[in-house]
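Trainee: To start, I am sharing the structure in question, which I have written as structure tokens.
Protein chains: 2
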Amino acid sequence: MSRTASTWTEIRAEALRRINTREWAPGDTIPNEAELAEEFGCARATVNRALRDLADEGLLERRRKAGTRVPLHPVRRATLRIPVIRREMEDHGKAYGYRLIFNRAEVPPDDVAARMRARRSMLHVASLHLADGMPFMAEDRWIDPTVVPAARTAPFATGNANEWLLAHAPYTHGEIAFSAEPADAAVATLLDLAPGAALFVICRTTWDGARAVTTVTQRFAPGYRLQTTL
Amino acid sequence: MSRTASTWTEIRAEALRRINTREWAPGDTIPNEAELAEEFGCARATVNRALRDLADEGLLERRRKAGTRVPLHPVRRATLRIPVIRREMEDHGKAYGYRLIFNRAEVPPDDVAARMRARRSMLHVASLHLADGMPFMAEDRWIDPTVVPAARTAPFATGNANEWLLAHAPYTHGEIAFSAEPADAAVATLLDLAPGAALFVICRTTWDGARAVTTVTQRFAPGYRLQTTL
DNA sequence: GCGATTATTATGTCTATACATAATAACGCG
DNA sequence: CGCGTTATTATGTATAGACATAATAATCGC
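Written out as structure tokens, the structure reads:
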């Protein structure tokens with residue numbers, strides 16, 4: 000059953016077809032790389048590339064010696080691009096606006112201190128982001144000045160903190176969480192909404208090694224959707 | 000400057016270090032694969048593997064002939080695992096409960112018809128998911144019975160529709176969107192909340208080729224967070 | 001000087017081979 | 001029979017060499 004000249008994307012597509020048609024059903028162990036390589040008339044490395052790619056997406060499970068299986072509960076993964084607000088807006092043809100609310104040094108409250116695992120005085124920067132002049136997102140950010148000294152004199156009055164940090168503060172990893180919460184009085188005023196309005200919230204903390212660089216809570220006005228493909 | 004015995008993960012780590020320390024600064028074109036292979040004392044394919052992996056994560060940009068660059072605006076991507084409700088709950092040590100609200104055939108409203116690009120009569124299944132006996136998530140689902148005929152007689156009274164579909168209805172791709180919205184009267188009653196409460200909402204449509212299999216809106220009780228690492 | 005053709009170059013991919021690694025299966029001993 | 005040791009096996013990774021492809025740079029004709 001040998002075919003000729005397969006590329007890894009073709010093998011990937013064929014494997015995907017077999018998974019979708021249940022020719023390879025959930026729970027099944029599929030033929031091993033050597034057998035597939037022979038079937039497709041290619042090198043084992045080419046099959047490996049294709050199957051590894053599918054495994055990266057959660058569509059196959061691979062274990063040494065045990066072989067490659069179609070998972071019973073395919074935990075689908077979605078990769079979503081964390082938006083850089085201004086770019087996202089400009090892509091949608093909207094004018095981006097930015098307003099600094101305040102920028103001061105203070106000791107963070109307990110929840111922020113816990114998130115950053117540090118209790119010292121931090122830069123606290125609040126800002127408002129606008130789309131076509133309308134309030135769009137309220138941002139509440141804490142920056143550890145011992146990790147990013149230059150932040151003390153950064154021009155947050157004229158440019159948004161996220162982009163400044165991207166350009167000046169490297170980070171190694173981070174956590175991000177999505178949730179919904181009602182608007183409190185302060186945020187409602189900022190976003191020009193009734194208190195209690197349902198806001199989409201992104202809460203993110205980024206780290207440079209073992210030290211938190213910044214933690215930010217972004218509250219989006221109603222209507223905001225974060226979307227991607229599966 | 001040749002080192003010995005590098006694995007692709009070591010090369011990846013070293014490249015990451017250089018990006019983070021700005022030894023390779025945003026906008027820079029980094030040395031080409033052949034040069035790096037010589038520096039690290041390994042084959043070009045090994046360097047390729049490492050750089051390709053970083054590019055997959057958006058930390059490098061690669062173009063034939065032009066070379067590999069550190070992007071000016073690194074669009075960080077987060078991969079998040081789409082939760083299978085029951086498993087997520089069991090992982091957190093909570094008892095999972097399920098209750099069917101209704102299961103009937105009817106013509107979908109315009110917004111649903113638009114999402115599925117079909118206007119015929121569909122199965123409309125509403126259900127409530129519980130954590131330790133407390134209402135946790137309200138699910139509103141439409142299934143196209145011409146795509147999944149068996150759904151007409153599926154036991155949605157005893158088992159949740161999501162898991163049944165995963166086991167019986169293959170899909171090729173889908174869209175997923177996250178947003179926040181206030182609880183309307185019906186959902187508020189179901190989740191035992193005050194109307195207007197801020198709900199986290201996941202809206203998902205899955206496709207088998209050109210035909211929509213199902214579209215579902217899941218509304219989570221306050222407190223729900225979807226989180227991942229960057 | 002301009003536009004179209006050709007050369008060059010860096011990444012992309014494939015091959016064949018080899019060895020590493022992890023997990024399971026088989027074996028053998030008490 | 002049970003337990004620890006030893007094979008076996010499928011995936012994981014590395015290599016050198018080759019050719020493909022895309023994009024830029026250089027060249028040539030006008």
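So the protein lines, in turn, are chains A and D.
Numbering of the first sequence is given in numbering that gives the first Met the number 0, commencing with residue 0 and proceeding in unit increments.
Numbering of the second sequence is given in numbering that gives the first Met the number 0, commencing with residue 0 and proceeding in unit increments.
Think of the CB as a built atom: it goes at the ideal place given N, C-alpha and C, for glycine as much as any other residue.
Between the segment 127-147 of chain A and the segment 40-51 of chain D, can you find at least three pairs of beta-carbon atoms closer than 8 Å?
Mentor: Not touching, per the Cβ criterion.
Trainee: Could you please tell me which residues of the segment 65-86 of chain D, in chain order, have their CB closer than 8 Å to any CB of chain A?
Mentor: Hits within the stretch, in order: His72, Pro73, Val74, Arg75, Arg76, Ala77, Thr78, Leu79, Arg80, Ile81, Val83, Arg86.
Trainee: Just to confirm, is the Cβ distance from Ile10 of chain D to Ala49 of chain D under 8 Å?
Mentor: The residue you call residue 10 of chain D lines up with position 11 of the second sequence. The residue you call residue 49 of chain D lines up with position 50 of the second sequence. In contact: Ile10 of chain D and Ala49 of chain D (Cβ atoms closer than 8 Å).
Trainee: Ends of the beta strand (DSSP E) at Val215 of chain A?
Mentor: Counted from its first residue, the first sequence places residue 215 of chain A at position 216. Note, Val215 of chain A: beta strand (DSSP E), 210-219.
Trainee: I want to verify the contact list: residues of chain A whose CB lies under 9 Å from the CB of Gln217 of chain D, in sequence order.
Mentor: Against the second sequence, residue 217 of chain D aligns to sequence position 218. Within 9 Å Cβ-Cβ: nothing; Gln217 of chain D doesn't reach chain A, min ~12 Å.
Trainee: Can you tell me which of the three DSSP states Glu13 of chain D falls into?
Mentor: Taking the second sequence and counting its residues from 1, the one referred to as residue 13 of chain D is at position 14. DSSP places Glu13 of chain D in helix when its eight states are reduced to three.
Trainee: Quick check on Tyr223 of chain D - is its C-beta less than 8 Å from some C-beta in chain A?
Mentor: By one-based count along the second sequence, residue 223 of chain D stands at place 224. Tyr223 of chain D counts as touching chain A.
Trainee: Run down chain D in chain order and give the residues with a C-beta less than 7 Å from the C-beta of Thr171 of chain A.
Mentor: What you label residue 171 of chain A is simply residue 172 of the first sequence in a count that begins at 1. Per Cβ cutoff of 7 Å: Asn19.
Trainee: Could you check whether the segment 154-168 of chain D touches the segment 188-199 of chain D, counting it as contact only if at least three pairs of C-beta atoms, one from each stretch, sit closer than 8 Å?
Mentor: The segment 154-168 of chain D, when compared against the segment 188-199 of chain D, does not touch it at the 8 Å Cβ threshold.
Trainee: When you compare the CB positions of Leu127 of chain A and Leu189 of chain A, do they come within less than 8 Å of one another, or not?
Mentor: Within the first sequence, the letter at position 128 stands for residue 127 of chain A. Within the first sequence, the letter at position 190 stands for residue 189 of chain A. For Leu127 of chain A and Leu189 of chain A, yes; Cβs fall inside 8 Å.
Trainee: Could I get the ranges of all uninterrupted alpha helix (DSSP H) runs contained in the segment 137-184 of chain D, with 4 residues as the minimum, in chain order?
Mentor: If we require 4 residues or more, the alpha helix (DSSP H) runs fully inside the segment 137-184 of chain D come out as 160-167.
Trainee: In three-state DSSP terms, what is Thr3 of chain D?
Mentor: Here residue 3 of chain D refers to the residue found at position 4 when the second sequence is read from its first residue. In this prediction, Thr3 of chain D scores a pLDDT of 47, lower than 50, which makes its location untrustworthy; the coordinate-derived value is nonetheless stated afterwards. Reduced to three states, the DSSP call for Thr3 of chain D is coil.
Trainee: For the segment 168-184 of chain A and the segment 16-32 of chain D, state whether three or more C-beta atom pairs, one from each stretch, are separated by less than 8 Å.
Mentor: At 8 Å Cβ cutoff, the stretches touch.
Trainee: Alpha carbon to alpha carbon, what distance is there between Gln226 of chain A and Ser1 of chain A?
Mentor: Counted from its first residue, the first sequence places residue 1 of chain A at position 2. Counted from its first residue, the first sequence places residue 226 of chain A at position 227. In this predicted model, Ser1 of chain A has a pLDDT of only 37, less than 50, meaning its place in the structure is not dependable enough to derive any value.
Trainee: Is any beta-carbon of chain A found at less than 8 Å from that of Glu174 of chain D?
Mentor: In the second sequence, counting from the first residue as 1, residue 174 of chain D sits at position 175. True, the Cβ-Cβ gap to chain A drops below 8 Å.
Trainee: Any idea if Phe155 of chain D is buried or exposed, counting beta-carbon neighbours within 10 angstroms, 16 or more meaning buried?
Mentor: Position 156 of the second sequence, counting from 1, holds the residue named residue 155 of chain D. Burial call: buried.
Trainee: Tell me which same chain residues have a C-beta within less than 7 Å of the C-beta of Trp7 of chain A, skipping the five on either side of it?
Mentor: Here the question's residue 7 of chain A lines up with position 8 in the first sequence. Correct list, in chain order: Thr45, Arg48, Ala49.
Trainee: List the residues of chain D whose Cβ lies closer than 8 Å to the Cβ of Phe177 of chain A, in chain order.
Mentor: Translated into the one-based positions of the first sequence, residue 177 of chain A becomes position 178. In chain order: Phe177, Phe199, Arg224, Leu225, Gln226.
Trainee: Evaluate the contact criterion for the segment 88-100 of chain D versus the segment 115-127 of chain D: three or more CB pairs, one atom per stretch, below 8 Å.
Mentor: Counting Cβ pairs under 8 Å, three or more are found: they touch.
Trainee: Quick one, which of A:Glu180, A:Gly173, A:Gly222, A:Phe219 has its alpha-carbon nearest Val212 of chain A's?
Mentor: Residue numbering aside, residue 212 of chain A sits at position 213 when the first sequence is read from its first letter. That would be A:Gly173, whose Cα lies nearest to the Cα of Val212 of chain A.
Trainee: On the DSSP letters alone, give me the boundaries of the beta strand (DSSP E) that Asn47 of chain D sits inside.
Mentor: In the second sequence, counting from the first residue as 1, residue 47 of chain D sits at position 48. No beta strand (DSSP E) holds Asn47 of chain D; the alpha helix (DSSP H) holding it covers 43-55.
Trainee: Under a three-way DSSP split, which group does Ala104 of chain D fall into?
Mentor: Stepping through the second sequence from its first residue, residue 104 of chain D is reached at position 105. Three-state DSSP puts Ala104 of chain D in a strand.
Trainee: Verify whether the separation of the beta carbon atoms of Leu229 of chain A and Thr214 of chain D is less than 8 Å.
Mentor: For the purposes of this step, residue 229 of chain A is taken as the residue at position 230 of the first sequence. For the purposes of this step, residue 214 of chain D is taken as the residue at position 215 of the second sequence. No, Cβ-Cβ distance for Leu229 of chain A and Thr214 of chain D is not below 8 Å.
Trainee: Looking only at its chain, what residues have a beta carbon closer than 6 Å to the beta carbon of Leu192 of chain D, apart from the 5 residues adjacent to it on each side?
Mentor: As a first step, residue 192 of chain D is located in the second sequence; it is residue number 193 there, counting from the start. Once the five neighbours on either side are set aside, the close Cβ partners of Leu192 of chain D are Ala182.
Trainee: Interface residues of chain A around Glu180 of chain D at Cβ under 7 Å?
Mentor: The residue given as residue 180 of chain D occupies position 181 in the second sequence. Simply Ala197.
Trainee: Round the Cβ separation of Ile81 of chain D and Ile175 of chain D to the nearest angstrom and send it over; I've been treating them as touching at under 8 Å.
Mentor: One-based indexing of the second sequence puts residue 81 of chain D at position 82. One-based indexing of the second sequence puts residue 175 of chain D at position 176. About 7 Å separates the two Cβ atoms, so the contact holds.
Trainee: Could you say which of D:Asp90, D:Glu56, D:Arg51 lies nearest to Arg75 of chain D if we only look at CA atoms?
Mentor: By one-based count along the second sequence, residue 75 of chain D stands at place 76. The residue with the shortest Cα to Cα distance from Arg75 of chain D is D:Glu56.
Trainee: Using the three-state DSSP reduction, which class does Val200 of chain D fall into: helix, strand or coil?
Mentor: Here residue 200 of chain D is taken as the residue at index 201 of the second sequence, counted from 1. Note: Val200 of chain D maps to strand in three-state DSSP.
Trainee: Identify whether Leu79 of chain D lies in helix, strand or coil by the three-state DSSP scheme.
Mentor: Taking the second sequence and counting its residues from 1, one reaches residue 79 of chain D at position 80. Strand, per DSSP.
Trainee: Beta-carbon of Thr28 of chain D versus every beta-carbon of chain A: anything under 8 Å?
Mentor: The sequence position of residue 28 of chain D within the second sequence is 29, counting from 1. Cβ-Cβ to chain A under 8 Å: no for Thr28 of chain D.
Trainee: Grab me the residues of Ala187 of chain A's own chain with a C-beta within less than 7 Å of its C-beta, minus the 5 sequence neighbours each way, in chain order.
Mentor: The residue you call residue 187 of chain A lines up with position 188 of the first sequence. Ala193, Pro194, Ala196.
Trainee: Anyone know if the C-beta pair for Arg218 of chain A and Phe177 of chain D falls short of 8 Å?
Mentor: The sequence position of residue 218 of chain A within the first sequence is 219, counting from 1. The sequence position of residue 177 of chain D within the second sequence is 178, counting from 1. No; because the gap between Cβ atoms is not below 8 Å, this pair is not in contact.
Trainee: State yes or no: is the C-beta of Met121 of chain A within less than 8 Å of the C-beta of Pro148 of chain A?
Mentor: The residue labelled residue 121 of chain A in the question sits at position 122 within the first sequence. The residue labelled residue 148 of chain A in the question sits at position 149 within the first sequence. Against a cut-off of 8 Å, the Cβ pair of Pro148 of chain A and Met121 of chain A comes out as no contact.
Trainee: Would you say Arg86 of chain D and Val146 of chain D are within 8 Å of each other, going by their C-beta atoms?
Mentor: Looking up residue 86 of chain D in the second sequence gives position 87. Looking up residue 146 of chain D in the second sequence gives position 147. Against a cut-off of 8 Å, the Cβ pair of Val146 of chain D and Arg86 of chain D comes out as no contact.
Trainee: Alpha carbon to alpha carbon, how far is Ala83 of chain A from Pro73 of chain D?
Mentor: Residue numbering aside, residue 83 of chain A sits at position 84 when the first sequence is read from its first letter. Residue numbering aside, residue 73 of chain D sits at position 74 when the second sequence is read from its first letter. The residue asked about is misnamed: residue 83 of chain A is Val in this sequence, not Ala. C-alpha separation (whole angstroms): 9 Å.
Trainee: Assign Arg68 of chain A to one of three DSSP states: helix, strand, or coil.
Mentor: Locating residue 68 of chain A in the first sequence gives position 69, counting from the first residue. In this structure, Arg68 of chain A counts as strand in the three-state DSSP scheme.
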